[in-house]
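Working notes, structure below.
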Amino acid sequence: MKRYENMMEGFVEEVLDIMGDSLGCCMCEQCRNDVAAHALNQLPPRYVVSHMGGAISKADTMRIQHLTDVRTAVLQAAQVVKEHPRH
């Protein structure tokens, strides 16, 4: 059983939910997954192994700079996927 989680995956998914329509690229399942994977490869991972660790990591990532970094990575990833869709 997996006992660790990369909190960045959830953050990228949240940003995709919020910004999806404004990204200017296809958001079919394949393209959405490609955007998420590309963005995650540009961001440092934030692994946690407990609920407490998740809460601390989430609080830490609410900083403006962190949110900006995630949004920037998603925007750049969407541009790459828009130029080279795999669907």
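Numbering-wise, the sequence shown is residues 0 to 86 according to numbering that gives the first Met the number 0.
Cβ coordinates follow ideal geometry from the N, Cα and C atoms, glycine included.
- For residue 41, the CB contacts under 8 angstroms within the same chain, skipping 5 residues up- and downstream, are 72, 75 and 76 in chain order.
- Secondary-structure assignment with DSSP links residue 47 through a beta bridge to 4.
- The C-beta separation of residue 31 from residue 7 comes to about 16 angstroms, leaving the pair out of contact by the 8 angstroms criterion.
- Here the C-alpha atom of residue 84 lies approximately 8 angstroms from the C-alpha atom of residue 25.
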